[in-house]
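Okay, so here's the structure we're looking at.
2 protein chains.
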Amino acid sequence: MTEALHDEDGSRWAGQGAGLPQKQQAVDAPTISAAALRLFAERGYRATTMSDIGAAIGIRGPSLYRHVTSKQVLLGGIMVDTMRALIADQRAALDAGGDVSLQLRRIVEAHVRYHAAHREQAFVGNREIENLEQPYRDEVLRLRRTYERGLRTVIERGCAEGDFTVAEPRLASYAILDMGMGVSAWFRPDGPHGAEQIAYTYADHAIRMLTGRSSEGATTADA
Amino acid sequence: MTEALHDEDGSRWAGQGAGLPQKQQAVDAPTISAAALRLFAERGYRATTMSDIGAAIGIRGPSLYRHVTSKQVLLGGIMVDTMRALIADQRAALDAGGDVSLQLRRIVEAHVRYHAAHREQAFVGNREIENLEQPYRDEVLRLRRTYERGLRTVIERGCAEGDFTVAEPRLASYAILDMGMGVSAWFRPDGPHGAEQIAYTYADHAIRMLTGRSSEGATTADA
DNA sequence: CCTACCGATCGGTAGG
DNA sequence: CCTACCGATCGGTAGG
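One line per chain: the protein sequences are A and B, in this order. Counting from 1, position 93 in the first sequence corresponds to residue 93 in the UniProt record's numbering; the numbering is continuous, with no gaps. Counting from 1, position 43 in the second sequence corresponds to residue 43 in the UniProt record's numbering; the numbering is continuous, with no gaps.
And the structure:
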């Protein structure tokens, strides 16, 4: 316990002190990132200290720097990984084939499923953009544009083929993406609705939004 | 310039120093709150310092305490005012009468219009909840529940009267509120779409979502 | 409304 | 992986 040990890069340190680790788990970069994600989601990036992250895995704040470069790199990794996962899921939905209506359903289901099943990633990814520094920030914004374009392209194709009837595909894509992103803010694993049910229902919402008869009710626009 | 003056509560101070005010505007609580709102929206609550807010209106950070109690009270006031304005707009939409479909359209238009026309308020209101302390936090959460219930009640009435056909009114209300809230994140006054156009289009989206024939396309749910 | 300053916090480094 | 600590930041107060 107090004997000198070799750490990963061969230097020596004097021991582990008397503090009891909170949880006996492997301390590596993915473990740290997972703890950081949970804390960033719960209390926000700026309100989370390196000491908090360390405590969550049973070590002191400074010891984290053995495994990770900085707090900012932790955030950047989380956000870039999140966008890559979303894009991969979207691509898989597109590659599954089917007509444009089925493709749209699969894209929306994948989108909503991710925001429910990985609500912390999605929530942090949506809220902490202004705390993200370069080069992560531009990279994440670029990936977000790619992701939006994927959905919009399907909507536009559906309009061209006569299946969809929206005047502004971009506004429709924003509406669909935003309603799905909202799921990450209120979804609870132990809540009354399961992720699959929500994904299915939201895909219904999207299909209806894109296929309804145009200007349905009376108009207003007075106030 | 260097002569002693009386300030608002009768005490004396020695002068204004040599700093040039950035803008010659009245310094009062509403002016400070407006500057704080702009900065909170741009860089976030925690990233905004009292010195930043002061500089935006040409005074030093400590001088703000002549007019406001604390940074937290600034945030609380902004967020409570925002929710009250949203609820007032929703109530006005309901009081305008009409059938359930028209009421729904008015509610959604008011919701989206606010999130475009007052995008900074709405954006801050949605992002800084975890930075809000008591009693503001509970008050804002209470107002949000009231607001959601207002929309959901109309959806439920529409279902009872046969105009709407959603299985889960709560999920539909979340979807509609979240897509409108998203507007506050991407709307730009000089962008290609005006606030009124977006409000009208989103009300169309909502009406379609609520009135489409049920389960339209093929189903998926494999992945 | 200002300057000076207190007290607390925090990311990251030194050195073992 | 630890303790000790640096340097910087920041909300708020003192006192004029």
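Using N, Cα and C, we set each Cβ at its ideal position, and we do this for glycine too.
Where the alpha helix (DSSP H) containing His111(B) begins and where it ends: On the second sequence, residue 111(B) is found 111 positions in, with the first residue counted as 1. First-last of the alpha helix (DSSP H) with His111(B): Val100 to Ala117.
7 Å Cβ cut-off: residues of chain A touching His193(B): Looking up residue 193(B) in the second sequence gives position 193. By Cβ distance, chain A contributes Leu171.
Cα-Cα separation between Thr211(B) and Val154(B), rounded to whole angstroms: Reading the second sequence from its first residue, position 211 is the one you call residue 211(B). Reading the second sequence from its first residue, position 154 is the one you call residue 154(B). Straight-line Cα distance between these residues: approximately 13 Å.
Contact set for Glu196(B): own chain, Cβ-Cβ below 8 Å, skip 5 residues either direction: Along the second sequence, read from residue 1 onward, the residue named residue 196(B) stands at position 196. Cβ within range, chain order: Arg113.
Burial state of Ala167(A), where buried means 16 or more other Cβ atoms lie within 10 Å: Stepping through the first sequence from its first residue, residue 167(A) is reached at position 167. Exposed, because fewer than 16 other Cβ atoms sit within 10 Å of the Cβ of Ala167(A).
Straight-line Cα distance separating Asp52(A) from Leu151(A): Looking up residue 151(A) in the first sequence gives position 151. Looking up residue 52(A) in the first sequence gives position 52. Approximately 38 Å, taken between the alpha carbons.
Local conformation of Asp28(B) per DSSP, three classes: As a working note, residue 28(B) is residue 28 in the second sequence. In the structure shown, Asp28(B) sits in coil (DSSP, three-state: anything other than H, G, I, E or B).
Helix, strand or coil at Met209(B) according to DSSP, with G and I counted as helix: Locating residue 209(B) in the second sequence gives position 209, counting from the first residue. Met209(B): helix per DSSP, three-state reduction.
Buried versus exposed, by CB contacts within 10 Å (16 or more), Ser184(B): The residue given as residue 184(B) occupies position 184 in the second sequence. It counts as buried.
Under 9 Å between C-beta atoms of Gly76(B) and Glu133(B): Along the second sequence, read from residue 1 onward, the residue named residue 76(B) stands at position 76. Along the second sequence, read from residue 1 onward, the residue named residue 133(B) stands at position 133. The answer is yes: Cβ separation under 9 Å.
CB contact check: His111(A) to chain B, cutoff 9 Å: What you label residue 111(A) is simply residue 111 of the first sequence in a count that begins at 1. No, His111(A) lies away from the interface with chain B (no Cβ there is under 9 Å from its Cβ).
Member of Arg144(B), Ala92(B) and Leu104(B) whose CA lies at the smallest distance from the CA of Thr82(B): As a first step, residue 82(B) is located in the second sequence; it is residue number 82 there, counting from the start. The shortest Cα separation from Thr82(B) among Arg144(B), Ala92(B) and Leu104(B) belongs to Arg144(B).
Secondary structure of Leu94(A), DSSP reduced to three states: Along the first sequence, one-based indexing puts residue 94(A) at 94. Helix at Leu94(A).
Cβ contact check for the stretch 157 to 172 of chain B and the stretch 79 to 94 of chain B: 3 or more pairs under 8 Å: no
Local conformation of Val183(B) per DSSP, three classes: Walking along the second sequence from the start, residue 183(B) turns up at place 183. Helix.
Where Ser63(B) falls: helix, strand or coil (DSSP): Here residue 63(B) refers to the residue found at position 63 of the second sequence. It is helical.
Assigned exposure category for Pro135(A) - 16 Cβ within 10 Å defines buried: Reading the first sequence from its first residue, position 135 is the one you call residue 135(A). When all chains shown are included, Pro135(A) counts as exposed.
Other residues of its chain near Arg56(A): CB distance less than 6 Å, five sequence neighbours each side excluded: As a first step, residue 56(A) must be located in the first sequence, where it is residue number 56. Checking the sequence, you will find Ala at residue 56(A) rather than Arg. Same-chain partners within the cutoff: Ala35.
Enclosing alpha helix (DSSP H) for Val154(B) [first to last residue]: On the second sequence, residue 154(B) is found 154 positions in, with the first residue counted as 1. Counting along the chain, the alpha helix (DSSP H) containing Val154(B) begins and ends at Tyr136 to Ala160.
Contacts that Gly182(B) makes with chain A (C-beta to C-beta distance below 9 Å): Here residue 182(B) is taken as the residue at index 182 of the second sequence, counted from 1. Within chain A, the residues near Gly182(B) are Tyr174, Ala175, Leu177, Asp178, Met179, Met181 and Gly182.
Closest Cα partner of His111(A) within the set Asp178(A), Ala26(A) and Phe40(A): If you number the first sequence from 1, residue 111(A) lands on position 111. Of the candidates Asp178(A), Ala26(A) and Phe40(A), the one whose C-alpha sits nearest the C-alpha of His111(A) is Asp178(A).
Cβ-based contacts, 9 Å cut-off: residues of the stretch 195 to 210 of chain B near chain A: Glu196, Gln197, Ile198, Ala199, Tyr200, Thr201, Tyr202, Ala203, Asp204, His205, Ala206, Ile207, Arg208, Met209 and Leu210
is_contact[Arg84(A), chain B] using C-beta, thresh 9 Å: Position 84 of the first sequence holds residue 84(A). Judged by the 9 Å Cβ criterion, Arg84(A) is not in contact with chain B.
Test item: CB-CB of Ile107(B) and Gln121(B) under 9 Å: On the second sequence, position 107 is the one that residue 107(B) refers to. On the second sequence, position 121 is the one that residue 121(B) refers to. Taking 9 Å as the Cβ cut-off, Ile107(B) and Gln121(B) do not qualify as a contacting pair.
Tyr202(B) versus Gly180(B): straight-line alpha-carbon distance, rounded: For this step, residue 202(B) is matched to residue 202 along the second sequence. For this step, residue 180(B) is matched to residue 180 along the second sequence. Those two C-alpha atoms are separated by around 7 Å.
Sequence-distant residues of the same chain with beta carbon closer than 6 Å to Arg60(B), five excluded per side: Mapped onto the second sequence, residue 60(B) falls at position 60. Only Gly54 meet the Cβ criterion.
Contact residues within the stretch 140 to 171 of chain A, judged by C-beta distance below 8 Å to chain B: Ala167, Glu168 and Leu171
Rounded separation between Ser173(A) and Ala206(A) - CA only: Along the first sequence, read from residue 1 onward, the residue named residue 173(A) stands at position 173. Along the first sequence, read from residue 1 onward, the residue named residue 206(A) stands at position 206. Between Ser173(A) and Ala206(A), the C-alpha separation is close to 9 Å.
Reduced DSSP category for Arg46(B) - H, G, I as helix; E, B as strand; rest coil: For the purposes of this step, residue 46(B) is taken as residue 46 along the second sequence, with counting starting at 1. Reduced to three states, the DSSP call for Arg46(B) is coil.
Buried/exposed call for Gly182(B), threshold 16 Cβ in 10 Å: Here residue 182(B) refers to the residue found at position 182 of the second sequence. When all chains shown are included, Gly182(B) counts as buried.
CB contact below 9 Å: Ala116(B) versus chain A: Residue numbering aside, residue 116(B) sits at position 116 when the second sequence is read from its first letter. Ala116(B) does not count as touching chain A.
Cβ of residue 224(A) within 9 Å of any chain B Cβ: It is not possible to answer for residue 224(A), since the shown part of chain A is limited to 1 through 223.
Three-state secondary structure (DSSP) of Pro189(A): What you label residue 189(A) is simply residue 189 of the first sequence in a count that begins at 1. Of the three classes helix, strand and coil, the one that applies to Pro189(A) here is coil, per DSSP.
Residue-level contact to chain B via CB, Ala35(A), 9 Å cutoff: Locating residue 35(A) in the first sequence gives position 35, counting from the first residue. Cβ-Cβ to chain B under 9 Å: no for Ala35(A).
Closer than 9 Å to chain A by CB, Gly58(B): As a working mapping, residue 58(B) is identified with position 58 in the second sequence. Chain A, which has no Cβ nearer than 9 Å to the Cβ of Gly58(B), makes this no.
Among His193(B), Gly194(B), Asp138(B) and Asp28(B), nearest to Thr69(B) - alpha-carbon criterion: Numbered from 1 along the second sequence, position 69 holds the residue referred to as residue 69(B). Comparing Cα positions, the closest option is Asp28(B).
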